[in-house]
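All remarks here apply to the structure that follows.
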Amino acid sequence: MKDIINKVLIVGGTHGNETSGTTLLHSAYKSAINSQFGGLTINFAMGNPRACKQNIRYTEEDLNRQFSLTSLATEAQCYEALRAQEINQQYGPKAAPTQDIVIDIHNTTSNMGPTLIVLQADEFHIGLSRYVKQHMPSAVILVEDEKPPQDHPYLCTIGKRGLMVEVGPQEQGVCRATITQQAFEMIQHILAFCELWNNKGRAVLTELTVAPAFRLDKVVEYPLSDSGERVAMIHPELQDRDFHLLQAGDPVFAHFDGNVTTWDGEPTYPHFINEAAYQHLQIAFATADSISL
4 MKDIINKVLI VGGTHGNETS GTTLLHSAYK SAINSQFGGL TINFAMGNPR
54 ACKQNIRYTE EDLNRQFSLT SLATEAQCYE ALRAQEINQQ YGPKAAPTQD
104 IVIDIHNTTS NMGPTLIVLQ ADEFHIGLSR YVKQHMPSAV ILVEDEKPPQ
154 DHPYLCTIGK RGLMVEVGPQ EQGVCRATIT QQAFEMIQHI LAFCELWNNK
204 GRAVLTELTV APAFRLDKVV EYPLSDSGER VAMIHPELQD RDFHLLQAGD
254 PVFAHFDGNV TTWDGEPTYP HFINEAAYQH LQIAFATADS ISL
């Protein structure tokens, strides 16, 4: 049977202070997508309307961590858990997906540029990554396939395929026109590839150039005192250098007492550097390996 992409769900406002998605859902961008891709059945959904109204990331718990099969089957104990179950009922269910692809739009305060996050590296996602990179050279491809897509708690995993469009830097609660335009452009390329895939299937891979990409490795936490207080900040030579090579001896943390911590691991590519949303988790950045798709 031919693998056809028909039903597409585009979600904005999964985090209420990441405004590119909500702007896209309430602007001419939405009508442009509908008119440009009439061959696809496209639905739009607001992820967390209560958080969007308050211009905060979430009201009680992170909505984008509520979509594990266990959480969806458990009685909701907070607004975001309840909202996840509503979304799953309307557009899922995750256990038997009805959406062919779910695209979830996010913003980051880190200097990651327009980043396409894919959760698997099969033929479809390899072709998609190549197509997006070929048509949008500024795009970065990040693969988070450390576990099967169904095991991730992300909203986009309620579909047969799920993607996250992560664009920055953009301050929380602020809308930058250039950042929103990049998100819109990336979505256009994703949908254009879906139509190309419907016409040509796996044969399209041979028409596309191999794309550079990154594969998530691990997260690095801030140095803490014995009492759990943070004792350092991102070193200025690392700040804003998302997806740039970090090698042994390069400065990583500037300590409040004047000392400097340097990188002592294997060469890596940091990203989500100093991400505001992860500060309460004491996450300084994530690392990645360089790969090709």
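Read in order, the letters of the sequence shown are residues 4 to 296 in the working numbering.
Even for Gly, the Cβ is constructed at its ideal location relative to N, Cα and C.
**Report entry** N- and C-terminal bounds of the beta strand (DSSP E) containing His109
**Finding:** Ile104 to Asn110
Requested in this report: Can you tell me the Cβ-Cβ gap for Ala87 and Gln69, rounded? I've got them flagged as a contact below 8 Å.
Outcome: 4 Å
Report task. Go ahead and pull the three-state DSSP assignment for Thr77. Result -> coil
Requested in this report: Would you check if the distance between the CB atom of Leu211 and the CB atom of Gln137 is smaller than 9 Å?
Outcome: yes
**Report entry** Inter-stretch contact at 8 Å, needing at least 3 Cβ pairs: the segment 189-198 / the segment 145-161
**Finding:** no
Query raised in the report: When DSSP builds the beta bridges, which residues end up paired with Ser293?
Result: Answer by DSSP bridge pairing, in chain order: Phe217.
Report task. Give the C-beta separation of Val303 and Gly130 to the nearest angstrom, bearing in mind that I take them to be a contact with Cβ-Cβ under 8 Å. Result -> No statement about residue 303 is possible, as the shown extent of the chain runs from 4 to 296 and does not include it.
Query raised in the report: So the alpha helix (DSSP H) Pro52 belongs to, where does it begin and stop?
Result: Pro52 to Gln57
Query raised in the report: Based on the DSSP output, what are the partners of Leu249 in its beta bridges?
Result: Bridge partners of Leu249: Thr271.
Query raised in the report: When you compare only the Cα positions, how much space is there between Thr77 and Thr160?
Result: When rounded, the separation of the alpha-carbon atoms in Thr77 and Thr160 is 17 Å.
Requested in this report: Could you check if Thr271 is buried or exposed, using at least 16 other CB atoms within 10 Å of its CB as the buried criterion?
Outcome: buried
Query raised in the report: Tell me the DSSP bridge mates of Gly165?
Result: Val105
Query raised in the report: Glu64 to Asn110, Cα distance in whole Å?
Result: Their backbone Cα atoms lie some 18 Å apart in a straight line.
Report task. Look at the alpha carbon of Met139 and the alpha carbon of Leu296, and state the distance between them as a whole number of angstroms. Result -> 16 Å
Requested in this report: Could you tell me which residues DSSP pairs with Asn46 in its beta bridges?
Outcome: Leu12
**Report entry** Boundaries (first-last residue) of the beta strand (DSSP E) holding Phe256
**Finding:** Pro254 to His258
Query raised in the report: Shorter than 9 Å from the beta carbon of Arg68 to some beta carbon of chain D?
Result: You won't find chain D in this structure, because it holds only one protein chain.
Report task. Starting from Thr264, follow the beta strand (DSSP E) in both directions and report where the run begins and ends. Result -> Val263 to Thr265
Report task. Tell me whether the beta-carbon of Glu269 lies closer than 9 Å to the beta-carbon of Leu219. Result -> no
Query raised in the report: Going along the chain, which residues of its own chain have a beta-carbon closer than 6 Å to the beta-carbon of Ala186, five neighbours each way excluded?
Result: Ser23, Ile108, Val168 and Val170
Query raised in the report: Which full runs of the alpha helix (DSSP H) of 4+ residues lie inside the segment 87-154, going along the chain?
Result: 126-138
Report task. Please name the residue in Phe40, His283 and Ala31 whose C-alpha comes closest to that of Gln299. Result -> Since the first residue of the chain shown is 4 and the last is 296, residue 299 is not available in this structure.
Query raised in the report: With 16 as the cutoff for other CB atoms within 10 Å, does Ala287 come out buried or exposed?
Result: Result: buried.
Requested in this report: Tell me where the alpha helix (DSSP H) around Ala279 begins and ends.
Outcome: Counting along the chain, Ala279 falls outside any alpha helix (DSSP H), and DSSP gives it neither H nor E.
**Report entry** Close beta carbons around Glu174, own chain, < 7 Å, minus the five adjacent residues each side
**Finding:** Excluding sequence neighbours, Glu174 sits near Thr112.
Query raised in the report: To the nearest angstrom, how far is it from the Cα of Ile193 to the Cα of Leu158?
Result: Distance between the alpha carbons of Ile193 and Leu158 is about 18 Å.
Query raised in the report: CB Glu224 to CB Gln285, shorter than 9 Å?
Result: yes
Query raised in the report: Would Leu85 pass as a contact of Val121 if the rule is Cβ separation under 9 Å?
Result: For Leu85 and Val121, no; Cβs fall outside 9 Å.
Query raised in the report: Short check: CB of Ile104 to CB of Gly42, under 9 Å?
Result: no
Query raised in the report: Is it true that the CB of Ile190 sits closer than 9 Å to the CB of Leu241?
Result: no
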